[in-house]
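Novice:
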Amino acid sequence: DLIKREMAAGFYNIDIDTSTLVDLDKGSLDEQQAVNYTLAASFTHFIRNLQFADLTVSVGGEIGEVGGKNSTVEELHAFMQGYERALKTLNASAVGISKISVQTGTSHGGIVLPDGTVQKVSVDFDTLGKLSEVAKKEYGLGGAVQHGASTLPKEAFNEFSKADAIEVHLATGFQNLIFDHPALPANLKEQVYTWLRENRQEERKEGMTDEQFYYTTRKRGFGPAGIKEAWWNMPAESKQAIMTDLQEEFRVMFERLGIAGTAAKVDETVKPVKSAQPMPDSMRATA
5 DLIKREMAAG FYNIDIDTST LVDLDKGSLD EQQAVNYTLA ASFTHFIRNL
55 QFADLTVSVG GEIGEVGGKN STVEELHAFM QGYERALKTL NASAVGISKI
105 SVQTGTSHGG IVLPDGTVQK VSVDFDTLGK LSEVAKKEYG LGGAVQHGAS
155 TLPKEAFNEF SKADAIEVHL ATGFQNLIFD HPALPANLKE QVYTWLRENR
205 QEERKEGMTD EQFYYTTRKR GFGPAGIKEA WWNMPAESKQ AIMTDLQEEF
255 RVMFERLGIA GTAAKVDETV KPVKSAQPMP DSMRATA
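Residue numbers (my numbering): 5 to 291.
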């Protein structure tokens, strides 16, 4: 249902994260990855049957749970070989995944300490580079994806293009800038935190401090009814101050990732497909 809703809303880049189902207690690498690659193939098949005829949804897989042990080339082979077998069984002509997320030392949103600060971590760029090379040369993928990168030190971002990473996930860092910005109205932040206390307590793990709980759940505090309107109607001066600092953050990221000034190359290479699609039922009901 979530995939249907995403595609109806125009999202054509979908990551399938079934890596939490990898069972490291199994004997062989194939057995460890079996549930992961079987479900990834099944979801890919579902997406291919749902997508419009004139476009191909970019689908990503994942071989190692972010925050766990670092991925290996052998695990990549086990996943991809099993995935290709499973997908071929479902549809011999189906287009497979375009990228593969790997674990190289980070976690989603960083590792949060009791005081709400984020623990310093390092990325194994050698591992990232090797996995990306194998993914490209042996399986025709775009390369490896780096999860949980937004809380890394800025100097680390110079290394991702050198390691040939195809994608780097940065959302948490931008989110942190917003929530911790001095221009964010205190009453809006408290409104979000009150909603989290009242609605997301099931996500509070044993021993979590309030700071850890808020940090790990506040990503859910942008969209709830009532709160979304509060974000939208934030005072113009607050919004401008936050957006100015976000823009500077984007500029620095573009430069360090080696993609600044590449708009012409993107336009030359990428030819967007225009697809007419019906308005989602959820939007039609409020139109």
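For every residue, glycine included, the Cβ atom is placed at its ideal position computed from N, Cα and C. All values derive from a computational prediction rather than experimental measurement.
1. Quick test of the definition: if touching needs 3 or more C-beta pairs under 8 Å, does the segment 78-92 touch the segment 25-39?
2. Relative to the alpha-carbon of L59, which residue among V99, N40, I67, A90 has its alpha-carbon at the smallest distance?
3. Please state whether the Cβ-Cβ distance between D21 and V39 is less than 9 Å.
4. Taking just the CA atoms, how far does L25 sit from S46?
5. Return yes when the Cβ of H49 is within less than 9 Å of the Cβ of L91, no when it is not.
6. For the beta strand (DSSP E) containing V277, list its first residue and its last residue.
7. For L132, is the classification buried or exposed, using 16 other Cβ atoms within 10 angstroms of its Cβ as the cut-off for buried?
8. Based on DSSP bridge pairs, tell me the residues matched to Q150.
9. Could you say which of V63, D29, F56, Q55 lies nearest to L43 if we only look at CA atoms?
10. Rank L94, T155, S102, Q55 by C-alpha distance to the C-alpha of E142 and give the top, closest one.
11. Can you find the residues in the same chain that come closer than 6 Å, C-beta to C-beta, to D271, ignoring five residues on each side of it along the sequence?
12. Give a yes or no on whether the C-beta atoms belonging to R255 and E159 are separated by under 9 Å.
13. What does a CB cutoff of less than 8 Å around W235 pick up in its chain, not counting 5 residues either side in sequence?
14. Would you report the Cα separation of G262 and N162, rounded to the nearest angstrom?
15. Express the C-alpha separation of L181 and F15 in angstroms, rounding to a whole number.
16. Out of curiosity, what's the CA-to-CA distance linking G113 and T220?
17. With G146 and I170 assumed to form a contact (beta carbons below 8 Å), what rounded beta-carbon distance in angstroms separates them?
18. Going by DSSP in three states, D130 sits in which element: helix, strand or coil?
19. Report yes if the C-beta distance between P189 and P239 is below 9 Å; otherwise report no.
Specialist: This is what the structure holds:
1. yes
2. V99
3. no
4. 14 Å
5. yes
6. Boundaries cannot be given for V277, as no beta strand (DSSP E) includes it and DSSP labels it neither H nor E.
7. buried
8. V106, V172
9. V63
10. Of all alpha-carbon atoms in L94, T155, S102, Q55, the one lying nearest the alpha-carbon of E142 is that of S102.
11. none
12. no
13. L192, F226
14. Whole-angstrom Cα-Cα distance: 7 Å.
15. 25 Å
16. Confidence at G113 is low in this model, with a pLDDT of 46, below 50, so its placement is unreliable and no value can be given for it.
17. Between I170 and G146 the Cβ distance is about 4 Å, and since that is below 8 Å, they are a contact.
18. Three-state result, D130: helix.
19. For P189 and P239, yes; Cβs fall inside 9 Å.
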